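One structure is given below, encoded as structure tokens.
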Amino acid sequence: MVVVDSESATILRVKGLLEFRCQLDSTDEQLVRNAISRTFETLRSQVKSESCVLAVSDSPVIIWPNKDAYATPEEITPSTPCEDMHQWIQADEQETSGKKSSKKKSKKSSLASVINLRLMTEVTKPGPLSAPILTKTVLKSHFVSVTLPLDCVVRTGSSDTIKDACEQLIEALTHQLCEMEKVTLQNMKGMTLLVPEPVHFLLPEPKGLVTVVYPAGVPDSQLVTQRKELHQQFDLPDDRPYFRRANAYHFPNEPYKDGYLRNPHLALTHPTLDNGKVYLVQGIYSYHHYMQNRVDDNGWGCAYRSLQTICSWFQQQGYVERPVPTHKEIQQALVDVGDKQASFVGSRQWIGSIEVQAVLSHLLGLTSKILFVSQGAELASKGRELANHFLTEGTPVMIGGGVLAHTILGVAWSETTGQIRYLILDPHYTGAEDLQVITDKGWCGWKGPDFWDQTAYYNLCLPQRPKVI
């Protein structure tokens, strides 16, 4: 595994496919293992050879890392700072060659903390070509061929050069092949090999980004021993699933395939209170709101959407594997637990915090605390309870009052003055997934105590984390 400081100036990520081809002429287990190890050693030699090439994605830059970091175009030298590679990365498909303008460079550089590279092999070699020689050998053997998906990340500081980065990348690739060899040998089943797959995880600071190799196709439930060892190695508590695949790090330059916005609150500026502190949701959630998934729930589905946001949090933190439930699945769950009649399924009836608690329990096996507030004016006095929740549990909170529901993502609270602001994610939004509109118009934003109806009662559902690895 490779540990990378996530706060670095630039992360270099190299991906590539290497063909693992191994001829097993014996069924003897030790001989088979020796043959597999020799094949991995050949692949490591290939990565260290002069034919190894790194191509910077969306740019004309090509680097030969084992030829003293020789690169093209010729303006790039081994002593060129890594950060300068940003200027060669094209902003869009219309730019087909050459550097970008300084204006575009500035825009790109401010967004691109990750530089993607492709691992390639130079096939042609200089010099005269020799005629091929064919030989034929007849024997019984078992031929294994799998594609290894290499995926390495390294940190580069502001003073690191192209040559420095190449040395780090080759070391990381070689190390990952060693990890893949271990996983392959540990998970052999006769003559069948499981493909090793690298997965990246972002651990709490100062540990940063960590790469772990798992056997593909083996579910997390069968990797408990490995994950426990990783928790011990990185001195992590045993009550949170840091190394489940669902908790894999999502690189900032990769779009989410489902189309939902993640963590829109990160685009906001925190309020400033006298002696105040900010307590926020921990981890990643999806923003669910009215009219998504071709469901017209405008006027009645706000609590359903808040519940979906909560479910997405537990899914994306690796606590549950179940997809975010639909409106009908939520309604059916309430029928199944005896809370509603069968006619409730398919209706347009709203739900509240108690129903949210029941669905989380029935569908996801989660427990939740309910905080009752007799009138909105009392919410201003709940700073300590909410601050403690976000500090210890860190889950989104659903709040319902009357026929309205919202999601609380955090509080800014001053213990000395009692001042409080609430970070609200509003499920009543009906527009497109436009982060700027959502934050500029306050659909995700900080609200004061007057945001609540001062005379209405409110129930808050505070989901609790399961204590699992």
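Just so it is clear: in the sequence shown, position 157 is 158 by this note's numbering, and no numbers are missing. All C-beta atoms in this analysis are idealised placements derived from N, C-alpha and C, irrespective of residue type, glycine included. It should be emphasised that the depicted structure is a prediction, and the values quoted were computed from it without experimental measurement.
- With distances taken between CA atoms, E20 lies nearest to E42 out of D29, E42, T11, K137.
- The beta-carbon distance between S307 and H407, rounded to whole angstroms, is 7 Å. This is short enough to meet the 8 Å contact definition.
- Residue environment analysis places P428 among the buried positions, since at least 16 neighbouring C-beta atoms fall within 10 angstroms of its C-beta.
- Around the beta-carbon of T273, fewer than 16 other beta-carbon atoms lie within 10 Å, marking it exposed.
- In the assembly as shown, P324 is an exposed residue. Its beta-carbon has fewer than 16 other beta-carbons within 10 Å.
- The three-state reading of DSSP puts Q455 in coil, since its state is none of H, G, I, E or B.
- Taking 7 Å as the cut-off, the Cβ atoms of V211 and F202 count as close.
- By the Cβ neighbour-count rule, D161 is buried, with 16 or more other Cβ atoms within 10 Å of its own.
- Taking the Cα positions, N389 is about 19 Å away from L426.
- DSSP, read as helix, strand or coil, puts T162 in strand.
- Under the DSSP definition of a beta bridge, E123 lacks any partner.
- Taking the CA atoms as reference points, P74 sits about 21 Å from T11.
- Under the criterion of beta carbons closer than 8 Å, G395 and W453 do not qualify as touching, at roughly 23 Å.
- Beyond the five residues adjoining it in sequence on each side, M189 comes within less than 7 Å, by CB distance, of no other residue in the same chain.
- No Cβ-Cβ contact shorter than 7 Å links A381 with G319.
- Annotated three-state conformation of W414 is strand, per DSSP.
- With a threshold of 16 other beta carbon atoms within 10 Å, G277 meets it and is buried.
- Here the alpha carbon of L387 sits roughly 7 Å from the alpha carbon of V412.
- By the neighbour-count definition (other C-beta atoms within 10 Å, threshold 16), L178 is a buried residue.
- Bounds of the alpha helix (DSSP H) holding L392 are 384-393.
- Three or more Cβ pairs closer than 8 Å define a contact, and the stretch 342-359 meets that threshold against the stretch 297-311.
- Looking at the DSSP output, I116 shares a beta bridge with L13.
- For the pair S142 and D26, the CB atoms are nearer than the 7 Å cut-off.
- Inclusion of W314 and P199 in the CB contact set at 7 Å is not warranted, their separation being larger than that value.
- Our two residues, Q47 and T431, have alpha carbons roughly 54 Å apart in a direct line.
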